[in-house]
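Chains as they are written, first to last, in our numbering: chain X, 19 to 822; chain H, 2 to 331; chain E, 42 to 239.
Every residue, glycine too, gets a C-beta built ideally from N, C-alpha and C.
Just below is one structure, and these are the notes that go with it.
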Amino acid sequence: MSRPISSDKTARDLHRLDTDGAEGSGPIVGGRHGKHDALPLMSGIDRYTDDITLPRMLHCKLVRSPHAHAKIIAIDTSGAEALEGVHAVVIGSEMPIPYGVIPWTPDEHALALHKVRFVGDPVAAVAAVSEEVAIEACRRIVVRYEVLEALVTPQAALARADLKIHEDNRHGNITKHVHLEFGDVDAALAAAALVVEGDYQFHGSTHAPIEPHCAIASVDGKGLLTVWSATQVPHYLQRELAKVLELPMRQIRVIQPAVGGAFGGKSEPFALEFCVAKLAFKTGRPVKCLYTREEVFLAHRGRHPFDMHYRTAFAADGKILAIDAKSLLDGGAYSSFGLVTTYYSGQLLGAPYRFPTYRFDSTRVYTNKPACGPKRGHGSVQPRFALEVQLDKASRTLGLDPIELRRRNFIGENSVTINGFHIGSNGFLQCLEAVVQASGWAEKWGKLPRGHGIGVAGSCYISGTNYCIYPTELPQSAVQMCLDRSGRVRVFAGTSEIGQGSTTMLAAIAAQELGVELDDVRVLAADSDLCPVDLGAYSSRITLMAGNACLTAARTLGDKIRDILAQLWGIPAADIRLEHRRAFSLTNPQVWMPIQEAFIITESKLGLLGSTGSYTSPQSAVHGDYRGGTIGASPAYSFTAHIAQVQVDEDTGEVTIEHIWCAHDCGHAINPVLVEGQIEGSVYMGAAEAVMEHHDTLPSGLRTDGRRRDSGPGVDGLLMASSLLDYRMPTSLDVPQLTALIVQAPDPRGPYGAKEAGEGPLHSAIPAIANAVFDAVGVRIDNLPISPEKVLRGLRNQAGRKPC
Amino acid sequence: MLRLPPFDVHLPDELGAALALLAKHGRQARPMQGGTDLVPNLKLGQTKLEHAVLLAGIDELHGIELDDGELRLGAATGLNALAQDPQVQAHLPALAFAASRIASPQIRSMGTLGGNLCLDTRCRYINQSELWRQALGGCLKSHGRECHVVPGGQGCVAALSSDTAPVLIAYGACVHIAGWQDSALVRRHIALADLYDSDGVRHLRLADAEIVTAVRVPLPSANVHVGYRKWAVRKSIDFPLISVALRLERSDTGSLLAGLLVVSVLGPRPRVIDLKALAGRTIDADLAKALGQMAFDRCRPLPNVPYDADYRRERLAVEVRRLCTEMLNL
Amino acid sequence: MTETAPVDSTFLDTTAAEPTRARRLVICRLQVNGEGVAVVAPVHWTLLELLRYQLGLIGSKQGCDKGDCGACTVLLDGKPTLSCITLAVAVQGRCVETVEGLGVGGEPHPLQREFAERGAAQCGFCTPGVLMSAAAYLDELSSSAEPVVRQADIAAALGGNLCRCTGYTKIFEAVHAAATQILQRSKALADTSTDDAS
């Protein structure tokens with residue numbers, strides 16, 4: 019067996035992984051491979067939660083409030099309990115301990131305790147022999163309410179401090195207020211050559227994964243509770259179940275089966291998980307709850323609507339001197355991740371541009387609507403829209419190409435943001451260059467015929483956060499790894515595969531380091547009995563954190579194998595390479611053996627080949643030294659640039675997005691196919707919320723008497739679109755052409771230099787589209803979504819034309 | 002998931018048997034073709050029934066035939082079949098086009114012409130879940146007493162969203178109806194435009210035991226042109242938010258002899274505007290503009306279906322103008 | 042013919058819920074993936090309920106409840122059909138193909154292989170439905186006189202299947218690749234048979 023191997027490949031450069039594979043085989047890390055788990059999922063073999071049926075399983079349905087804001091006076095469950103086929107009913111008082119994904123703001127109950135706070139707030143749950151019987155039983159539960167005035171706009175919620183949605187909240191309906199100031203903003207504003215000032219409204223949108231939430235609980239007679247759930251945070255689910263059910267965590271096993279999309283919509287516990295657990299204890303039988311599509315819309319936790327006022331100051335050369343931002347966040351009925359959202363609304367704006375002074379003031383309020391939370395690009399998509407539109411306005415006023423304006427303000431790599439975040443690698447300029455080249459920007463910007471336009475925007479996102487959402491010094495991610503005599507690698511990880519590819523990523527790292535093929539790696543993930551803790555699939559943390567843990571575990575095992583082979587072959591361990599099912603000497607091609615044999619020899623010398631790896635993020639010199647200065651700080655930051663090309667129909671106001679080019683700096687693409695997929699999916703989702711999607715409630719005035727009106731539109735807080743027919747997400751015929759461009763600025767903190775790719779590429783899609791609309795017809799839409807009637811109104815105002 | 006409430010299902014293979022079943026169960030029974038409209042409505046609890054009478058097994062309802070200068074389209078003709086049928090494409094191209102633009106490929110392979118003509122009316126206040134309607138307190142079409150679209154309104158204004166109805170009205174189609182009286186099958190036929198009533202709760206002028214069996218369309222002469230356009234937010238899946246069909250009869254000199262403008266998704270029935278006021282005018286860009294203006298002046302979309310009603314009105318004018326412009330070169 | 046015993050007891054005592062309302066169990070006889078089956082189900086059940094909860098064919102998914110998303114798409118006599126709004130009794134005697142029947146003899150269908158290799162399935166939940174619509178497109182393509190693989194036709198064929206992960210880009214690529222492969226294969230076959238004839 020011979021193959022040419024150059025000796026200079028011995029040094030494994032952390033960032034420039036050697037991609038020279040064995041004969042006929044490409045590289046694993048960095049190579050274009052399919053998704054590891056795709057085939058069994060798409061063939062009806064691997065199971066999502068609702069695909070699981072347990073013996074004697076009961077079905078659970080929830081009773082939900084028809085009022086946006088009301089006191090619960092009494093609940094009569096006798097009618098349901100009398101129905102044949104009903105095994106148990108549970109109400110809020112049986113689970114009185116409040117919970118919340120953020121431990122500082124536990125303001126939710128599994129089922130509403132004394133009050134309901136939005137239309138759809140769950141108040142009771144039934145377990146019955148079938149969904150049909152459970153539905154009928156729910157109809158027979160009588161809840162008496164005292165209806166209260168509903169507060170559905172954040173302005174009303176602010177104004178009515180006397181009418182608290184949560185009675186024990188300290189400051190009226192304000193769930194969080196953050197005010198941070200860096201440098202003398204007012205002086206910078208006063209001295210600026212140009213101040214761009216404006217109001218921006220960012221509307222609500224929701225995740226709408228195609229799989230609805232589903233959970234199953236089973237108890238084993240000895241008190242062990244097992245919960246299967248379509249969640250993206252099995253660890254937080256286990257913690258909150260323990261809290262609400264008053265069980266030790268060791269008595270709870272959480273298994274996350276395959277998840278059919280999440281995007282942040284499954285990143286905290288929901289009523290169904292507590293209810294099936296409680297009902298499983300009450301009945302002694304397994305219980306399943308599958309949300310209807312409407313219930314998915316009610317569970318929500320989608321993008322917060324933001325009302326923003328921004329002032330950005332510029333020097334005559336286009337340099338940003340100050341940003342002064344004020345935001346009002348419409349939080350909905352519960353806190354959810356809101357504390358973090360409120361910080362993120364300002365904290366994540368500090369790159370890719372440098373600016374010497376910064377102030378942000380963000381207020382999140384409760385309203386009587388489904389709770390908002392983290393949707394892909396949590397908390398930072400909205401401010402990014404305002405800023406990037408302001409940069410576009412400034413470039414027009416200053417007569418600068420908007421690309422050039424962004425270049426001039428580039429913060430650079432190994433830099434520190436105004437709010438104290440330490441940026442490592444930074445490929446933003448390469449991203450800009452990539453989209454400029456791919457789109458033909460120079461020939462298009464300002465040069466396309468009227469009705470056609472092109473726009474640019476840039477952004478930055480985090481690769482996980484430095485701190486867990488509960489105080490701990492424990493690792494944020496960990497992996498156990500085991501090799502066996504069959505030549506297989508088993509990876510046990512708490513990671514949540516939600517379609518983003520975390521399982522493939524772990525398999526690639528293990529295969530790369532241990533010299534096996536991708537299919538030789540079994541990743542057993544997200545089972546709290548089998549796997550070490552990982553915090554979950556949120557804030558784009560898994561590749562960096564679990565990837566590093568996996569790399570450590572794999573390298574530990576790889577070193578053991580090399581050590582044993584080095585003794586056997588009498589060559590230095592550094593001369594030995596494990597690749598594509600072979601162990602071999604780099605310098606002497608005659609010296610090699612199959613990897614399975616290498617595993618067997620090593621195991622026979624050392625005993626079972628197991629290892630662990632864990633990841634704890636850097637805790638010093640990475641964030642700001644002030645209250646809140648740690649929130650939003652990340653081990654590594656990703657960068658993105660978008661260029662969008664649009665066509666605006668001047669008769670109808672309709673915007674057709676023709677093409678979006680997105681370049682994303684993911685550090686190092688462990689699997690370029692999957693990185694492209696994340697970019698394309700993000701851009702699609704951003705474009706969809708820019709022009710089409712809206713998680714909106716019925717238009718209505720405020721009720722002052724707490725009673726229903728005799729006539730007039732709607733009831734407060736009622737969702738306009740709670741089906742996939744009315745909530746319009748783009749079909750295959752509505753999607754623009756998407757070009758995903760991978761930029762790699764390896765970061766020393768990422769595995770092989772890798773950073774995130776799942777959320778960053780959404781952000782600047784939206785302002786790029788808004789800026790392109792302006793380029794096309796000279797109309798600025800500062801309140802999203804960019805709907806045809808707003809564009810048409812803008813065109814009318816511009817031309818003074820009359821309708822028709 | 003949303004489950005269907007229990008009901009019984011009948012699969013008659015004869016028209017008489019189907020009608021007898023419908024007659025026997027009265028308002029408790031409904032005919033069902035592809036089910037693409039009725040099943041979702043049943044799942045949402047907005048329609049209730051005890052007996053579904055499936056019509057797919059009745060031979061008489063199938064088939065497309067050319068007969069005596071008319072095209073006879075069986076009510077059970079699939080929407081895809083309609084769109085792809087060579088005779089329909091040759092003689093009624095606007096119908097084939099309209100059928101090809103309905104909802105999605107799956108809906109078109111399941112849905113039928115009869116079902117599309119007899120679609121229930123839609124409104125943002127009724128096509129919702131039970132919880133939603135409970136929260137709202139119902140409306141004229143559900144269990145309530147007030148209209149949320151027209152405050153104080155006494156009549157339901159839910160809209161017809163059929164893509165085939167406006168274009169078939171423009172073609173001058175008539176519908177053949179079979180009913181059941183005194184244990185006997187009775188037949189009648191009416192102009193398609195007369196099938197629809199202005200009450201959104203009961204917008205089809207059909208008795209309880211009556212069904213549409215076929216549509217007959219006179220083959221248009223060479224100087225008659227029919228076109229169709231619709232607007233929906235998405236290019237697939239969506240119901241139209243405004244739709245227009247236009248019939249132009251052209252003289253040898255290129256002027257308008259007669260014509261019809263049919264506007265749908267306004268209310269429970271399509272709005273048919275006779276163009277005799279414009280007779281004699283040259284069919285040109287100016288006429289297109291005038292038609293757009295006429296549609297704008299005479300139609301007032303309501304906030305009954307999603308989207309801003311004022312915008313739908315402006316959009317209607319543009320769609321009419323563009324439709325006429327498309328037809329100038331025919 | 043396989044007489045399938047109920048795997049899920051959900052309907053057995055539902056008559057208790059509303060004793061006043063008529064409720065019938067029927068035996069649905071149909072061909073599923075080439076095999077005749079007879080299944081007992083409540084008469085008002087949908088085809089999706091029958092497939093998932095009676096036959097254990099979990100590949101067809103429930104996403105929207107009412108025909109808005111396409112995750113439940115199966116082929117009924119070769120035509121893409123939303124099983125979540127199709128009554129099971131209405132398909133008596135007809136042929137249903139689900140994603141479980143797409144591959145042959147344990148080998149994935151070319152569409153499945155292309156989807157897996159090209160990253161066209163992310164979470165995979167909408168994928169079975171997308172695959173069935175794509176399979177219908179391939180059937181139509183192969184049976185057309187002058188088959189040409191066009192991006193616009195692919196997008197139109199998938200117009201009733203919502204995907205939330207991919208932005209459709211890689212789905213288009215995968216269907217395009219599988220279609221091209223299948224056309225090449227049938228062309229090669231045709232060429233061979235022409236050679237044989239000559």
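Buried/exposed call for residue i, threshold 16 Cβ in 10 Å
| i | result |
| --- | --- |
| residue 148/E | exposed |
| residue 194/X | buried |
| residue 189/E | exposed |
| residue 488/X | exposed |
| residue 114/H | buried |
| residue 521/X | buried |
| residue 345/X | buried |
| residue 147/H | buried |
| residue 722/X | Because residue 722/X carries a pLDDT of 34, less than 50, the predicted location of this residue cannot be relied on, and the following value inherits that uncertainty. Residue 722/X comes out exposed. |
| residue 90/X | buried |
| residue 674/X | exposed |
Chain-order list of residues whose beta-carbon lies under 7 Å from that of residue i (same chain, five-residue window excluded)
| i | result |
| --- | --- |
| residue 648/X | 484, 485, 641 |
| residue 572/X | 499, 527, 528, 531, 532 |
| residue 518/X | 555, 696, 776 |
For residue j and residue i, believed in contact at Cβ under 8 Å, the rounded distance
| i | j | result |
| --- | --- | --- |
| residue 781/X | residue 283/X | About 18 Å separates the two Cβ atoms, so there is no contact after all. |
| residue 88/X | residue 134/X | 5 Å |
| residue 219/E | residue 151/E | 4 Å |
Where residue i meets chain E, residues with beta-carbon distance less than 8 Å
| i | result |
| --- | --- |
| residue 142/H | Here the premise fails: no neighbours, minimum Cβ distance about 18 Å. |
Spatial neighbours of residue i in its chain, beta-carbon cut-off 8 Å, leaving aside the 5 residues before and after
| i | result |
| --- | --- |
| residue 222/X | 320, 321, 322, 323, 348, 390, 712, 713, 714 |
| residue 112/H | 34, 35, 37, 38, 79, 80, 103, 104 |
| residue 60/H | 14 |
Residues of its chain near residue i, where Cβ-Cβ distance is below 6 Å and the 5 sequence neighbours each way are ignored
| i | result |
| --- | --- |
| residue 131/H | 46 |
| residue 475/X | 406, 660, 782, 785, 786 |
Residue i: contacting residues in chain H (beta-carbon distance under 9 Å)
| i | result |
| --- | --- |
| residue 70/X | What residue 70/X touches in chain H: nothing, since even the nearest Cβ is about 15 Å away. |
| residue 85/E | 4, 5, 6, 7, 8, 9, 10, 43, 53 |
| residue 139/E | Per Cβ cutoff of 9 Å: no residues; residue 139/E is ~14 Å from chain H at best. |
Per-residue contacts from residue i into chain H (C-beta, under 8 Å)
| i | result |
| --- | --- |
| residue 122/E | 107, 110, 111 |
| residue 226/E | Going along chain H, no residue has its Cβ under 8 Å from residue 226/E, so there is no contact; the nearest lies around 25 Å. |
Beta-carbon neighbours of residue i, restricted to chain B and to distances below 9 Å
| i | result |
| --- | --- |
| residue 128/E | Any reference to chain B falls outside this structure, whose protein chains are X, H and E. |
Beta-carbon neighbours of residue i, restricted to chain H and to distances below 7 Å
| i | result |
| --- | --- |
| residue 64/E | 7 |
| residue 137/X | 136 |
Contact set between residue i and chain E, taken where Cβ atoms lie within less than 7 Å
| i | result |
| --- | --- |
| residue 479/X | Going along chain E, no residue has its Cβ under 7 Å from residue 479/X, so there is no contact; the nearest lies around 18 Å. |
Contact list for residue i against chain E, beta-carbon separation under 9 Å
| i | result |
| --- | --- |
| residue 691/X | 158, 159, 160, 211 |
Chain X contact residues for residue i, given Cβ-Cβ distances below 8 Å
| i | result |
| --- | --- |
| residue 149/E | 57, 61 |
Within chain X, the residues that residue i reaches when beta carbons sit closer than 7 Å
| i | result |
| --- | --- |
| residue 135/E | Going along chain X, no residue has its Cβ under 7 Å from residue 135/E, so there is no contact; the nearest lies around 20 Å. |
| residue 309/H | 807 |
Q. Which residues, in chain order, does the stretch 101-116 of chain E contribute to contact with chain H at a C-beta distance below 8 Å?
A. Residues passing the 8 Å Cβ filter: 103, 106, 107, 108, 109, 111, 114.
(Q) Please list, in chain order, the residues of the stretch 78-104 of chain X that have any C-beta partner in chain H closer than 9 Å. (A) Cβ contacts with chain H come from 82, 83, 84, 85, 86.
Q) Going along the stretch 204-232 of chain X in order, which residues come within less than 9 Å of chain E, judged by CB to CB distance? A) Answer set for the stretch 204-232 of chain X: 225, 226, 227, 228, 229, 230.
Q | chain H contacts made by the stretch 182-196 of chain E, where a contact means CB separation under 8 Å | A | So the list is empty, because no residue satisfies the distance condition.
Q | Within 9 Å of chain H by C-beta, residues of the stretch 730-758 of chain X in sequence order | A | Answer set for the stretch 730-758 of chain X: 730, 731, 732, 733, 735, 736, 737, 738, 739, 740, 741, 742, 743, 744, 746, 747, 748, 749, 750, 751, 752.
Q | Residues of the stretch 236-269 of chain H whose Cβ lies closer than 8 Å to any Cβ of chain E, in chain order | A | So the list reads 236, 237, 238, given in the order they occur along the chain.
Q: Please list the residues of the stretch 268-281 of chain X that have a C-beta atom closer than 9 Å to any C-beta atom in chain E, keeping them in chain order.
A: Those would be 276, 277, 278, 279, 280, 281, in chain order.
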